[in-house]
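Chains as they are written, first to last, in full-length UniProt numbering: chain B, 1 to 655; chain P, 1 to 829.
So the structure is just underneath, and the comments pick up after that.
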């Protein structure tokens, strides 16, 4: 029914909005953009497009190097970040002291806030600037991934306990609801998830109240439960801290672990992937900062690269094979040029040449990248870390692994890796024994600096790394009844079959392939809602019988798994959003009941690439009945989780 | 009622017809002498503001009050409101399209009255307006331009957040007339001004003043047509010119033969210009064709986009070009199908068979004729003819087999609404075209402004438009005027509004609060469903706690932050902390914000809350930020002191580690002093310190550090191993290798040394790895390139397969050696 996918819609809307706002400042202008928005803007607008709309040069807010070369200066920052707005105010005041006259505009994304008003008022410039809102919410990373791209959301949510991103998420989801109608059912797990759902309900009520007051556009009026949407599943990240702490083993996941992917781009060493191709070098010459770095090359990682699209979700173990196969195919196809006899055939071949070259290029990049990662995965440290992780995930007594961790510390392995291992143990086993915790605290502090006392404190506050509470009973895999303040992996491992040893990486039959034998709990929970028969068969053994299939598919929400789900952390809920019954039925008759239904899966606090891969695996199974759209506050990895906690300062003298 | 002749007020100008429709009569009392007033009318049949022209002589009996006030009338002459004016002389009087009255005083003060009931906001034009004084003002739908007496132009393009800005500086000279071209019609999308200076006209926008190079000035009047395509100029010789907006071509000229400059010149639609003298009107169409009207008294012209309103004491008339459809039907001798259709209704009433004959004659054009009749009905002001035309349409469509009646139905609805608001008691003479631009919502807004609540609600119900604004306005008004006690008023309002969707109680409460009835305001606020909406008002009512709770309830972090910011600056610190103490979200947000900008607040907060670890953490991070070593240790010392009272084991450990940090710094400082000229050790971690000591060859000191900080043996060994390997200190490593035991085993030694490329030394460690499997040791030998040794190992383990495997790698003498071993091991046959 929707003429346009959500992803395209979001992209178009964001682009239109931004360009219209830029057009609002007449003539040529300089654009000052905050770092955290620069990447996301690149997702929907090209620099050339901005140029068409009068943007002369782009500055980063953080560099504070905006000059007076243009009369018009447009700032683009997040309105919720008071300190960014303050920086903007400072820079405006600095420019005002110059002799040249300026026109200032501030675009606040996604909304103009009272706090930013206050800041600008205090700075005494609110009267001199044009302020506009740039309602940027969901950004499409892929056709099936909508991300808010809030880099700080993890830290905000769990360390600072700042609910801002929940509100942001709720606004974004309201946008989706206004497009499609209300989610007929909101299923979720976790306290923040509950908060998000409550906000959605509340906003709906407020919208109903506002509906007729002419404040909203008429299209939002009389919203009904959506006919093409099945439900919204909200998973709070703190339900499953364990999964992202593991090293991701899909191709895209590993790139993220070792290179880092941001806004679909990875900065890879040129020594690995070679120099920029010609077309890109032209662009880089424009921005001198980029040329200076020189050693890195930006690689676009998204579905536009066909080869990458094939590789991204595969377990890394088979990536080599896949690459070989593609290389051979390309070789063969290229060889057909000798076979070409008639001019027609020749012309056909020539027409295909550009595609070959593109594919070839991408093949070279990915082969190099894969080799580099392969080199890393062969290292002893990697093997040790993986071993510790796998045994932690499998629930084997963690004390056996302590020696390995100790050794890794002594060998100066990256701090993030050490912390991830410790946090993983804490999550999987309900905390560390306080003796062990103290021991490791001391070790880490001595090895990496005493500033990490703050790191440990932050991790504790985030409940990632804790001393084991007296209620060790939780550890026992059998007692699943108590609704937890912690996720009881012991119980869930058994009752949701998180560990599957015999999973095939080549031809996966279960989502556990993404961690080579460990199924992400978060995604298992999604399966509890969407693929009940499969989970039942997993637990009971055997294949899902046809009877069970029919009986269970109809049961909505958590039905059938209430008890199991209870042992994961936080509240469990399943809310039906009702509308006017008559209208719903009328709509159903009109639209029919057998179209593809959308399922929105929202990961609050971030999602890993492995979980995305796992969800895509499910989506492939569910197609064409369902279309799974993954929404999240941002893409996360264990390292990024640690980043939120790690103290950046050190005792060394600042030079 | 006898049908009026539809052609009675038609006037032919050139090829087209104009209609001058009397809308109201007996508009103003005789004692309102219109010639002494400046008149400004709101667009779309809106209200009229009258202000006594100060240049005209006052009569003695005029009281002071009547001089210094602005009277707002409806078009039918009903006094809506009186606004007292005690500011400087009024230099501009105009309306926005939302029927807000704008008054510009000589000193640059602009007041914007909304809702016709005297409430206003004001702002100043600035930009030198105070110094030089405002000379005149021109208005468009959403903005204004003021001309200062120094010829500078100041534009305001929106009233919600007015930002007066100067246009390009203008040439010197006497401005004889000027006009503006609203942003919608200009290329630059911002307002442009035509300024007639001396003999020519300048086009002024925000960046430059362009001389249009005309020779025939000075122009006494200048006016831009509603579509922006034409400009009318009135020359000093009494001639009217119409030129294209680029001043390239002159489209028509008309000689008024008058020596007196007209009092006003306005466009009537896009095709004609109205020149007005005291009591005479010239309507000038294309090609200089004109028509004249004469009045008994002063006539004022109020321009609309589709015509002009003519106001005299006696009448209010609407002069506009007859619409094509209307013209087609009513023009004498018209044979248009629609005209025939109208005629056949008459025949039908006479029971004449000609009715059918007519219909058959126009059969092919019938659908179009029906359409035309419907459209013409809309443009008709006379109810009689509206009915006739609709009847004709109805008759016509009854003959048709298939006709979509939506338009017919809509038109009847619209006409009903229009008729209702055109009633002289309401006094909104909106033409059909104006209504389309005004939109039903806009119309209801105007009804609300006139407190015509009942009619507004009827209209909104009839047109199915949300009525909440009407209710809210009514309730606010009720709050303002009622004198009853708070409970009763609240009850009345709540009862009346119960079950109505979308009611903003916050607005009503605001009205109550503005009236000084804060108790009533609080009561009303409780009915507001949107928590966020209540917050600002609650804050201004000093209901701080409630405001904070409502903000938290709304889930909007910005609102919470805003309230907190407000409270922090207002309350004493202790009560502020008390307030956030019981609200985790609030205290979390305060903490986060303080971390970035107000460390002292954070310390106070943790102290008050008795959170020693966090308090000491703040000091710890401060220590990190200090650059001076002494200050660093000082802060660390403070941090430990905060924790010294606690018995909690985690706190004790924390304290120990913090003091260890300063101990380490001290030790490192000593190292720096002794060993290097430049700071090399300060700030390193303990492990790095020891590593570096080994690398630099200070083994003893490293041992001392280990003892001082109780570093575990294993770690220490690892560090030494790595440092020595990095230093390539093979001798020392060999020395260590002579020892019996290693807490980390010997395998790491083998690995690290091998990794550094010293196979010979690495091989020394292989025999020491006694806890490994033989197979592993074989592999180790092989890696060192010692095939024979590997063979021996295999031989010892009696592993034939391994030996055969080794043989494949061996060459030269080693190969024979291996062969020998295999033979030894192979069972004799």
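Ideal Cβ placement from N, Cα and C applies to all residues, glycine included.
Quantities reported herein were computed from a predicted structural model and do not represent experimental measurements.
Contact with chain B is absent for residue 615 of chain P, since none of that chain's Cβ atoms lies less than 9 Å from the residue's Cβ.
What residue 516 of chain B touches in chain P, judged by beta-carbon distance under 9 Å, is nothing: the nearest beta carbon there is about 24 Å away. Between the region 297 to 307 of chain B and the region 357 to 365 of chain B there are three or more inter-stretch CB-CB distances shorter than 8 Å, so the stretches are counted as touching. Under the three-state reduction of DSSP output, residue 297 of chain P falls in the coil class, being neither helix nor strand. In this structure, DSSP gives residue 253 of chain P an extended state, which the three-state scheme calls strand. In this structure, the alpha-carbon of residue 71 of chain P lies about 51 Å from that of residue 12 of chain B. Ranking B:433, B:412, B:345 and B:620 by CA distance to the CA of residue 397 of chain B puts B:433 first.
Measuring C-alpha to C-alpha distances from residue 326 of chain B to each of B:363, B:413, B:335 and B:384 identifies B:363 as the nearest. By the beta-carbon neighbour count (other beta carbons within 10 angstroms, threshold 16), residue 503 of chain P is buried.
In the three-state reduction of the DSSP assignment, residue 391 of chain B falls in the helix class. The Cβ-Cβ distance between residue 39 of chain B and residue 613 of chain B does not fall below 9 Å. Residue 767 of chain P is bridged by DSSP to nothing; it lacks a bridge partner. By the criterion of a C-beta distance shorter than 6 Å, residue 214 of chain P is surrounded in its chain by 200 and 201, once the five residues flanking it on both sides are discounted. Between residue 125 of chain P and residue 112 of chain P the beta-carbon gap is near 12 Å, outside 8 Å, which marks them as no contact. Contact of residue 658 of chain P with chain B by beta-carbon distance below 8 Å involves 450 and 453. By the 16-neighbour rule on beta-carbons within 10 angstroms, residue 343 of chain B is exposed.
Here the region 103 to 115 of chain B lies against the region 55 to 75 of chain B, with 3 or more beta-carbon pairs under 8 Å apart. Nearest Cα to residue 750 of chain P within the set P:440, P:781, P:235 and P:35: P:781. At a C-beta separation below 7 Å, residue 588 of chain P has these neighbours in chain B: 160, 161 and 162.
Residue 528 of chain P sits buried, since 16 or more C-beta atoms from the chains shown fall within 10 Å of its C-beta. Residues of the region 165 to 178 of chain B whose Cβ lies closer than 8 Å to any Cβ of chain P, in chain order: 166, 167 and 170.
Put simply, the backbone Cα of residue 602 of chain B is about 7 Å away from that of residue 232 of chain B. Along the region 408 to 440 of chain P, there is no position whose C-beta sits under 8 Å from a C-beta of chain B. Residues of chain P with a Cβ closer than 9 Å to the Cβ of residue 445 of chain B are, in chain order, 657, 660, 661, 685 and 686. A direct Cα-Cα distance of roughly 40 Å separates residue 401 of chain B from residue 197 of chain B. Secondary structure at residue 170 of chain P: coil, using DSSP grouped into helix, strand and coil.
Interface annotation for the region 494 to 512 of chain P against chain B: 500, 501, 502, 503 and 504, criterion Cβ-Cβ distance under 9 Å. Between residue 635 of chain B and residue 607 of chain B, the C-beta spacing is below 9 Å.
By the neighbour-count criterion, in which 16 or more other beta carbons inside 10 Å mark a residue as buried, residue 97 of chain B falls on the exposed side.
Annotation for residue 354 of chain P: the continuous alpha helix (DSSP H) segment containing it runs 354 to 361. The C-alpha of residue 281 of chain P lies about 22 Å from the C-alpha of residue 176 of chain P.
P:480 is the residue among P:491, P:485, P:480 and P:422 whose C-alpha sits nearest the C-alpha of residue 510 of chain P. Counting along the chain, the unbroken beta strand (DSSP E) around residue 282 of chain P starts and ends at 280 to 284.
For residue 409 of chain B, the nearest CB of chain P lies under 9 Å from its own CB, placing it at the interface with that chain. Beta bridge pairing from DSSP links residue 189 of chain B with B:235 and B:572. Look at residue 705 of chain P here: in three-state DSSP terms it is helix.
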